[in-house]
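Under full-length UniProt numbering, the first residue of the sequence shown carries the number 1, and numbering increases by one thereafter. Glycine is no exception: its CB is placed at the ideal position from the N, C-alpha and C atoms. Below is one structure; the comments refer to it alone.
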Amino acid sequence: MMTTPEQKPPKDTQAYVLTKSDIDNTPETKHIHQFNEHAIRHTVSLSDIVGLTKFGLHLVRVEAGDETTTHHYHEESDEFIYVLSGELSLRYGDEHYELSAGDFVGFPAHGAAHSMRNESDADATYLMGGSRPPIDITLYPEIDRKMYKIHGKKEYVDMEDLGEV
Numbered sequence: 001m002m003t004t005p006e007q008k009p010p011k012d013t014q015a016y017v018l019t020k021s022d023i024d025n026t027p028e029t030k031h032i033h034q035f036n037e038h039a040i041r042h043t044v045s046l047s048d049i050v051g052l053t054k055f056g057l058h059l060v061r062v063e064a065g066d067e068t069t070t071h072h073y074h075e076e077s078d079e080f081i082y083v084l085s086g087e088l089s090l091r092y093g094d095e096h097y098e099l100s101a102g103d104f105v106g107f108p109a110h111g112a113a114h115s116m117r118n119e120s121d122a123d124a125t126y127l128m129g130g131s132r133p134p135i136d137i138t139l140y141p142e143i144d145r146k147m148y149k150i151h152g153k154k155e156y157v158d159m160e161d162l163g164e165v
């Protein structure tokens, strides 16, 4: 049940409670990254189910050998991950980290580019969350591209085509 900013949330608190059973019985949505066919996430968007609009919280599963995204950073959105199971290889700026259950990583707006890959033989799961500003710019330094998200609509431009005013 989604609410728009103009709507008031329901007073029925049950609408905001998800049990483990509710979550386990919610089908995953398969997301293939728009700029990377090898970045495949299987996601349950917990925040969307209960109608939260100011930040997102998603339960994500990444299969063995898959990536999570295209190497990127956001201008306005803070992001984080908390690893629940499995192992992920994180590339964060110029550094590499091996993550496993219980590890937490914050990705502040205007921070270093980041991406992950599941290099193990088993699925990895993590919570992914972040702020949802009405306007954000995502930069993809390795493919030299910017993506603009303005009130839910996404557009991108290759840096070679971007001109100054």
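Of the choices the options, whose alpha-carbon is the least far from that of residue i?
i           : options           : result
residue 114 : 100, 124, 93      : 93
residue 160 : 145, 43, 18       : 145
residue 117 : 123, 90, 100, 141 : 90
residue 141 : 99, 111, 28       : 111
residue 84  : 155, 126, 53      : 126
residue 34  : 122, 143, 59, 124 : 143
residue 120 : 135, 88, 150, 134 : 88
residue 131 : 124, 103, 86, 53  : 53
residue 36  : 72, 46, 26        : 72
residue 49  : 96, 32, 28        : 28
residue 59  : 30, 162, 135      : 30
residue 13  : 26, 51, 102       : 51
residue 77  : 26, 135, 16       : 135
residue 55  : 61, 79, 32, 44    : 79
residue 47  : 16, 154, 139, 97  : 16
How about residue i and residue j: do their beta carbons lie closer than 9 Å?
i           : j           : result
residue 81  : residue 107 : yes
residue 128 : residue 57  : yes
residue 123 : residue 63  : yes
residue 74  : residue 109 : yes
residue 26  : residue 44  : yes
Return the first residue and the last residue of the beta strand (DSSP E) that residue i is part of.
i           : result
residue 135 : 135-140
residue 84  : 79-85
residue 161 : It is not in any beta strand (DSSP E) - residue 161 carries neither H nor E in the DSSP assignment.
residue 120 : From DSSP, residue 120 is part of no beta strand (DSSP E); its letter is neither H nor E.
residue 146 : 145-150
residue 30  : 29-32
To which residues does DSSP link residue i through a beta bridge?
i           : result
residue 96  : 91
residue 59  : 44, 127
residue 156 : 147
residue 72  : 114
residue 106 : 80
Which residue marks the beginning of the alpha helix (DSSP H) containing residue i, and which one marks its end?
i          : result
residue 46 : 46-49
residue 11 : Element bounds for residue 11: n/a, residue is neither H nor E.
residue 54 : Looking at the DSSP string, residue 54 is not in any alpha helix (DSSP H), and its letter there is neither H nor E.
residue 24 : 20-24
Next on the checklist: So, does the stretch 31-45 touch the stretch 53-73, judging by three or more C-beta pairs under 8 Å?
Outcome noted: By the criterion of at least three beta-carbon pairs nearer than 8 Å, the stretch 31-45 is in contact with the stretch 53-73.
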